[in-house]
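See structure below.
There are 2 protein chains.
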Amino acid sequence: MIDTTVESEFATALVRMSHLVQYVFVDVSREHGITPQQAQLLCMLIGGPLGMSELSRLLHLEKSSLSGLVDRVERRDLVTRVGDPRDRRTCQAGLTPAGEQLARDVHNEISARLDAMGQTLPDADRRHATAAITALLAQHTR
Amino acid sequence: MIDTTVESEFATALVRMSHLVQYVFVDVSREHGITPQQAQLLCMLIGGPLGMSELSRLLHLEKSSLSGLVDRVERRDLVTRVGDPRDRRTCQAGLTPAGEQLARDVHNEISARLDAMGQTLPDADRRHATAAITALLAQHTR
DNA sequence: CTAATCTAGTTCGCAGTACCAACTATTCGT
DNA sequence: ACGAATAGTTGGTACTGCGAACTAGATTAG
Numbered sequence: 016m017i018d019t020t021v022e023s024e025f026a027t028a029l030v031r032m033s034h035l036v037q038y039v040f041v042d043v044s045r046e047h048g049i050t051p052q053q054a055q056l057l058c059m060l061i062g063g064p065l066g067m068s069e070l071s072r073l074l075h076l077e078k079s080s081l082s083g084l085v086d087r088v089e090r091r092d093l094v095t096r097v098g099d100p101r102d103r104r105t106c107q108a109g110l111t112p113a114g115e116q117l118a119r120d121v122h123n124e125i126s127a128r129l130d131a132m133g134q135t136l137p138d139a140d141r142r143h144a145t146a147a148i149t150a151l152l153a154q155h156t157r
Numbered sequence: 016m017i018d019t020t021v022e023s024e025f026a027t028a029l030v031r032m033s034h035l036v037q038y039v040f041v042d043v044s045r046e047h048g049i050t051p052q053q054a055q056l057l058c059m060l061i062g063g064p065l066g067m068s069e070l071s072r073l074l075h076l077e078k079s080s081l082s083g084l085v086d087r088v089e090r091r092d093l094v095t096r097v098g099d100p101r102d103r104r105t106c107q108a109g110l111t112p113a114g115e116q117l118a119r120d121v122h123n124e125i126s127a128r129l130d131a132m133g134q135t136l137p138d139a140d141r142r143h144a145t146a147a148i149t150a151l152l153a154q155h156t157r
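In order, the protein sequences belong to chains V and G.
Going from the first sequence to our numbering is simple: count from 1 and add 15.
Going from the second sequence to our numbering is simple: count from 1 and add 15.
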């Protein structure tokens with residue numbers, strides 16, 4: 016039997032790294048009493064409120080999925096929907112004070128853990144890898 | 016108001032890269048009619064059957080979650096449970112021929128897409144980044 | 001200016017994910 | 001042989017994410 020499975024060190028490294036990052040997300044979110052999806056949403060709102068359509072695009076979610084996600088964090092008083100009087104169809108999701116605090120805590124904790132991992136790398140290597148990844152992201156995020 | 020949010024380029028790059036990889040996983044899995052979790056399980060079994068406990072550890076899932084996941088792929092005839100006569104408590108999950116084919120297809124397609132992304136990087140940069148990530152993974156995977 | 005259309009978001013039903021607690025069955029230690 | 005440890009399953013709950021159908025408000029065409 017022929018082994019038809021392609022082995023790419025690059026792809027393998029990315030996939031395994033991705034899982035490692037996911038696990039950090041899961042762990043930190045859980046420690047703060049929310050789900051990773053909710054954490055991602057909160058972190059995305061740190062920069063300011065965003066419309067539902069915008070969020071749905073940023074999070075790669077169908078608008079119906081997003082409605083539910085926002086419902087659940089709103090029920091926890093972490094986010095509020097604010098309507099726009101200029102276009103009464105739309106609304107913006109923004110962080111409540113509690114949500115703002117939680118978002119920053121989660122964001123900082125995740126950054127701290129990933130940075131701690133990065134410390135095991137020589138500074139030059141880490142900077143080089145960061146630059147390469149950032150360049151790759153720039154190419155593949157429209 | 017003070018901005019208490021830490022900004023780390025390294026952490027940000029990892030998180031965004033992780034999401035990009037996740038989207039590839041979601042897209043490819045969907046195109047093959049399975050969920051990303053099922054795809055991850057199938058890919059993990061390419062190397063041969065594994066016990067439920069082993070899988071639960073590798074996938075960071077509670078054993079009850081894994082039972083359900085294996086149930087669902089077994090219902091689709093992609094995986095079978097095989098009991099061990101030497102220890103009648105345990106069982107191994109292994110790929111069926113259809114599962115083997117699907118696993119390889121999904122794995123190859125994911126690798127191909129990630130490699131294609133990597134092509135936008137100079138060879139030296141890509142190799143350097145791969146080495147750095149691999150080193151980091153070695154440190155943080157027991 | 002109204003009718004047709006488009007857009008923004010919600011609701012509903014469904015399958016899947018993941019957890020915990022409780023359980024069964026088997027094996028191991030003494 | 002009996003109590004403890006181990007492997008896996010079951011059942012209940014909350015959350016995730018999709019598609020289809022829907023509501024309401026904005027926009028465009030005639």
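Even for Gly, the Cβ is constructed at its ideal location relative to N, Cα and C.
Given the structure is predicted, the values throughout are model-derived calculations rather than measurements.
I'd like to know if LEU60(V) contacts chain G, where contact means its C-beta is closer than 8 Å to some C-beta of that chain. Interface annotation, LEU60(V): not in contact with chain G, CB-CB separation never under 8 Å.
Short-range partners of chain G found in the stretch 16–32 of chain V, where Cβ spacing is below 7 Å: Listed by position along the chain: THR19, THR20, VAL21, SER23, GLU24, PHE25, ALA26, ALA28, LEU29, VAL30, ARG31 and MET32.
Since GLN53(G) meets chain V, which of its residues come closer than 7 Å, beta carbon to beta carbon? For GLN53(G), there are no neighbours in chain V by C-beta distance under 7 Å, as the nearest C-beta there is about 15 Å away.
Which one of LEU73(V), SER44(V), ARG103(V) and SER68(V) has the shortest CA to CA distance from TYR38(G)? The shortest C-alpha separation from TYR38(G) is found at LEU73(V).
Cα-Cα separation, GLN107(G) to PRO137(G): Distance between the alpha carbons of GLN107(G) and PRO137(G) is about 43 Å.
What is the rounded straight-line gap between the Cα of ALA113(G) and the Cα of ASP130(G)? Roughly 26 Å between the two C-alpha positions.
For the candidate residues ALA150(G), ARG91(G), GLY133(G) and THR145(G), whose alpha-carbon lies nearest to that of ALA54(G)? Ranking the options by Cα distance to ALA54(G), first place goes to ARG91(G).
Whole-Å CB distance - GLY66(V) paired with THR27(V), under 8 Å assumed: Contact between GLY66(V) and THR27(V) does not hold, since their C-beta atoms are separated by about 38 Å, which reaches or exceeds 8 Å.
Can you pull the chain G residues whose beta carbon is under 8 Å from the beta carbon of MET132(V), in chain order? Listed by position along chain G, the residues whose Cβ is nearer than 8 Å to that of MET132(V) are LEU151, GLN154 and HIS155.
Alpha-carbon to alpha-carbon, PRO100(G) and LEU29(V): The alpha-carbon atoms of LEU29(V) and PRO100(G) are separated by roughly 39 Å.
Can you name the residues of chain G whose CB is closer than 9 Å to the CB of HIS75(V)? Correct list: HIS34, GLN37, TYR38 and VAL41.
CA-CA distance, ILE49(G) and THR111(V)? Going from the Cα of ILE49(G) to the Cα of THR111(V) covers about 37 Å.
If we count the other Cβ atoms within 10 Å of its Cβ and call it buried at 16 or more, is HIS34(V) buried or exposed? By the 10 Å Cβ count, HIS34(V) comes out buried.
Taking only beta-carbon positions, decide if LEU129(V) is within less than 8 Å of chain G. Yes, LEU129(V) lies at the interface with chain G (some Cβ there is under 8 Å from its Cβ).
Using the Cα positions of MET59(V) and MET32(V), report the straight-line distance between them to the nearest angstrom. MET59(V) and MET32(V) have their C-alpha atoms spaced approximately 21 Å apart.
At which residue ranges does the stretch 24–73 of chain V contain complete alpha helix (DSSP H) runs of 4 or more residues, listed in the order of the chain? The stretch 24–73 of chain V contains these whole alpha helix (DSSP H) runs: 24–46, 51–59 and 67–73.
Per-residue DSSP class, three states only, for GLN154(V): Correct three-state label for GLN154(V): helix.
What number of angstroms, rounded off, separates the C-alpha of VAL94(V) from the C-alpha of LEU76(V)? Approximately 18 Å between the Cα atoms of the pair.
Which of helix, strand or coil DSSP assigns to LEU110(G): Three-state DSSP puts LEU110(G) in a strand.
Residue range of the alpha helix (DSSP H) that includes ARG101(V): Per DSSP, ARG101(V) belongs to no alpha helix (DSSP H) and is neither H nor E.
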